[in-house]
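One structure is given below, encoded as C-alpha cells.
Chains as they are written, first to last, in this note's numbering: chain A, 1 to 327; chain G, 328 to 1016.
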C-alpha cells in the first residue's frame, strides 16, 4: 500500500513540484554514514528536494570506525535534530541502539540499507515496532536469492565468507543455512580472521576462499557485509582465480570494479528514495516514526556481468537473457 | 412371464438396440467429420504457433549475440526446448543445426522428417549460420481427440452414477415411486398374490388412480369370496335331499378351496404395506449425503498442486511436506473427531447435525476458493475435515436409526456404496473442472454443491427423530484394553495401518503430484485416481462372494490369505514405479491398488472380530471396532506426511518403491503371524465392508 503511495507520490511530485507547505524553518536532518556518501543518500536527498521539503542536512561519516559513532550520538543528542538518518546496520546500531537498549529517545530515526533490521535487533518486528525507528531494508529475501542463484546454475554447496562481528552477517548466514537445508543443500561457512577483541582482519582471505573451493563450494555468496565490501577486490579476485563464481546481494558489491559474477540487488537510489518517503511521512505528514512500517522494495534487479562470466568460462543459461540485466 | 410378454420384451430390446445403433453411428460419423475438419484447420494453426515459438528463441539468440555469448556454448538451451515443448503440447521437436549437424535437439526427431510438419528459422550467431528447426506432432489432433474421448468417457461414467443416484432419489420421493409400487402390485396380483396389492399414500397421479382401481377390484373379489363362503356355510347344514344340488355344492366348494390355495386373497381391506427396497433404506439422507461427499471429493485430484501454488508463509519446513499438510490435517481431524461426534449427533438429532456439517463444509469450500496462503488453506481444510466427519457421522447415525438388525447390513452397504459412488465421480470431475476453470472456481463449485446438499437435507430430512441408543461411547481405557491384545495390535500395525498409509499416500498425494510432474493435467490425475474407486466397487462384492464360497465349500478361513495377498499386491504396485513406465506405471499402480484393497478390506474388517473374540464380550463389539477405525484413520493422516518426507529426500520413484516395499514386508509378516489361524470367535461375525 505504502509502496503504491510512494509511486503515486513520485508521479504527483513530477506534476506539482513544491506541493508541500513550506514550514517556517527548514527541517534539520542529521545524517550518519558508515563509509561515505553513496547513491542511497543521493536518492534520499533527491526525493526530499523533488518533493519540495526544505531540509538542512548535517552529515557525519564514521569512516567504518565504531568509536566515532558514540561521538556522533552525543552530538545528535545535544543538537536535537528533527530526524536522524543512518546508513547501514553498524551506523544505525551505533546511533539508535538495539530495541532493548535504545538510544536517542525522542528523535525519530530513519535508516536505510540495513540488511536485516529484526535480526540485528534494531526493531523487534517490521510493523508496530514500538519505537520511533523506521527505515528501509534492501536485501532480497534469502529464498529469492537462492532461487536466483539456481536460475543461473543448480548447486548443492554454497560457500560464504563473512565478518562474525557484524550482526547482519550473522543473521543472513543463519537464514541461508535454513533456506539451503530446506532445499537439500549445504552451506560452507568461513569467517574473516579477527583480532582477540573481535575486530576483523584482512589476513588469510586467499586461503579461506581457496578452502571453500576445495571443500566443494560451487558458488561464493557475498552477503551485505561491510568488511567484505572493503576487501571485495581481494575476495572476488581470489574467487575468480580459483574459478569460484560469486553472487552479490547488494548493488555496491556488483557495481564495484572487482570481478563479481552476478547478483540480485536493490537499486541504492531507489532504497534512498523510499527512505526519503518515510522521512517525509514523519516530518511533513507528522506520522510518529513508530507508526511508519519498516519495508523493503518489491522489485529487485538480477545483474549478470558478461565479462566475468566469460573469464570464468561459466556462461549464464540462455533463459536468463529473458529477465536479467546483462552488462 | 407369458409368451406374449416375452415377445414384447424382445421387440422392445430390439427397438432400443436399433435406436442406440443409429444414434451411435451418427455420432461416430460426426466425430469422423469433425476429425478431418480439425486436421485441416488446426495443422496450419499449429505451424503458425511453432513459428511464434521460434521467434522467442530467435530473440534470445539475438541477445546472446549482442553480448558476444557463443550460442553453442550457452547452457540451458535444451532445458528451454523442454519447457517450450511442455508449454506447447503440439510441438514435439526443437533443434538448432549448424552445418546440418544438430548442436541442440529435443523431442522426437521422426516428426521433423514429415513433410509439411516443420518450420525453419535462420539464427544469427557469432559463428557459422545456424538454423532453428521446430516440428509439430503429426498425431496432435489424434491426441486431442483421444484426450477428449477420455474426458467424455469419464463424464459418461460419472453421469451414469449420478443418474442412478437421481433415479433412486426420484423413486424414493417422487412419481417414480408410484410407478414402482404399481409394478409391484401388478406383479403380485399376476402371480396370484392379491395380498401384495397395496394402496400406499406414496403413489400419486395416474399410478394412484390405477392402484385404487386395482385395490377396489381386489377388495370386491375378497368381499365376493366372503359372501360366497358365508352363503355356502348358511346352506350347508341343511343337508339337501336333492343329490344334484349336493353334488353342485361339493364341486363349488372344491373349486373355492383350490382357488384359496392358488390365490392369496387379503383377509382385510388392502393394507398399507409400503415398498421395501434396499436402495431406499437411506431414504431422504441419500441425495444430500452423496452431494456433500461429491463436493469434498472434487478437490482430490488437484489439492496437493493447489497447496503448492500458494505462498508458504512462515513455514520453515520442506515444500513437499507443506503440500502434504492439507490432506493430513483433513484426515487427522476426521480421525480424531469421529469417536466423539457419534453421541453428539445423537443428542442434537441427525438432521441438525447434518445441516451443521453441510453448512460448515460449504463455507470451508467457498473460503478455500479464496485462500491467500497455505496457513489459511490448512485451517480451512481442517474445518472441512471436521464438517466431513460431522456429516459422515450424522448420515451413519441416520442409517442406524432407520434400520433394524435385519436391514442394517444392507443399509450400511448402501452407505458405503454412496461413498464409493462419490469417490468415483468427484476426483475426475474435479480434475476436469480445475483444468477448465481453475482450482479456485472448482472450490467455489464445491461450495455451491455442499450448499445444495444442505438445502436438500433441510427440505427432506425428518425433523424430529427418536434417536435409537445405538453404540456405546469408546472410552480411553478401551483403547488400552483392546491394544493389550497382541494379535489385535499386530492386525493394526501389519495390515490396517499400512493399507491406509499406502492408499492415501499414493492416491491422494503422490499420484496427483507425479501426474503433474510428468506434464499432464489435473483431469488426467482425476481419471487415474477414479480407477481406484472403480476397482473397489467392482472388486469388493467379488471378494466377499469368493471368501464366502471358500468358507462354505472348504470349511476354511481364507481371511488371512486375502489380507496378506492384498498387502503384497499393494506393495508390488508401489515397486512397479521403479520401472520406467511413466504414466502407464501410475495407472497400473492405481489399478493394482484398487484390486489389492478390494481383496483385503472386508476380510480384514472381519478379522477384527476374530482376533479380539476374547475382548468382545468384555468391551463390546462397537468399542473394539471404534478403536480399530480410529487407529486405521490415523494411518490415513500419516500417509501423506510419510510420502512427502520420502519425496523430499529421495524423489518420486524411491518414495513409491519405499512405501511399496514396506507394505510388502508388512504383508509377509502378517501372513507369518496369522498363518496358523486367528483363534476364530465362537459365533463368526459377518464380513464388514
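All residues carry an ideal CB built from backbone N, CA and C; glycine is no exception. As the structure is a prediction and not an experimental result, all values here were calculated from the model.
Sub-8 Å separation of residue i and residue j beta-carbons
i	j	result
residue 462 of chain G	residue 438 of chain G	yes
residue 261 of chain A	residue 308 of chain A	yes
residue 818 of chain G	residue 898 of chain G	no
residue 548 of chain G	residue 521 of chain G	yes
residue 88 of chain A	residue 114 of chain A	yes
residue 760 of chain G	residue 772 of chain G	yes
residue 73 of chain A	residue 94 of chain A	yes
residue 430 of chain G	residue 460 of chain G	no
residue 193 of chain A	residue 187 of chain A	no
residue 653 of chain G	residue 831 of chain G	no
residue 108 of chain A	residue 282 of chain A	yes
residue 753 of chain G	residue 621 of chain G	yes
residue 921 of chain G	residue 965 of chain G	no
Minimum Cβ-Cβ distance from residue i to chain A less than 8 Å
i	result
residue 413 of chain G	no
residue 401 of chain G	yes
residue 387 of chain G	yes
residue 407 of chain G	yes
residue 390 of chain G	yes
Local Cβ density within 10 Å of residue i, reported as buried at 16 or more and exposed below that
i	result
residue 697 of chain G	exposed
residue 315 of chain A	buried
residue 305 of chain A	buried
residue 325 of chain G	For chain G, the structure presents residues 328 to 1016; residue 325 of chain G sits outside this window and is missing.
residue 959 of chain G	buried
residue 413 of chain G	exposed
residue 420 of chain G	buried
residue 309 of chain G	Absent from the model: residue 309 of chain G. The displayed extent of chain G is 328 to 1016, so no value can be given.
residue 571 of chain G	exposed
residue 149 of chain A	buried
residue 456 of chain G	exposed
residue 916 of chain G	buried
residue 84 of chain A	buried
Neighbour list for residue i in chain D, Cβ cutoff strictly below 7 Å
i	result
residue 315 of chain A	As a matter of chain content, chain D is missing from the structure shown, whose protein chains are A and G.
Alpha-carbon spacing of residue i relative to residue j, whole angstroms
i	j	result
residue 297 of chain A	residue 475 of chain G	46 Å
residue 605 of chain G	residue 868 of chain G	Residue placement at residue 605 of chain G is flagged as unreliable, the pLDDT there being 40, under the threshold of 50; a coordinate-derived value is accordingly withheld.
residue 277 of chain A	residue 227 of chain A	29 Å
residue 348 of chain G	residue 339 of chain G	14 Å
residue 479 of chain G	residue 853 of chain G	13 Å
residue 673 of chain G	residue 510 of chain G	37 Å
residue 331 of chain G	residue 490 of chain G	31 Å
residue 403 of chain G	residue 680 of chain G	58 Å
residue 161 of chain A	residue 191 of chain A	5 Å
residue 890 of chain G	residue 613 of chain G	31 Å
residue 292 of chain A	residue 710 of chain G	36 Å
residue 117 of chain A	residue 287 of chain A	20 Å
residue 689 of chain G	residue 836 of chain G	23 Å
residue 893 of chain G	residue 764 of chain G	38 Å
residue 221 of chain A	residue 35 of chain A	22 Å
residue 827 of chain G	residue 952 of chain G	16 Å
residue 134 of chain A	residue 111 of chain A	6 Å
residue 785 of chain G	residue 664 of chain G	23 Å
residue 1023 of chain G	residue 366 of chain G	With chain G represented from 328 up to 1016, any question about residue 1023 of chain G goes unanswered, as that position is not in the structure.
Chain G contact for residue i (CB, 8 Å cutoff)
i	result
residue 172 of chain A	no
residue 301 of chain A	no
residue 306 of chain A	yes
residue 318 of chain A	yes
residue 137 of chain A	no
residue 326 of chain A	yes
residue 69 of chain A	no
residue 65 of chain A	no
residue 158 of chain A	no
residue 321 of chain A	yes
- Query: What residues in the segment 450-480 of chain G bring their beta carbon closer than 8 Å to a beta carbon of chain A?
  - Reply: Here the close residues number zero.
- Task: Could you name the residues of the segment 237-265 of chain A whose beta carbon sits closer than 7 Å to any beta carbon of chain G, in the order they occur along the chain?
- Result: Correct list: empty, as no residue qualifies.
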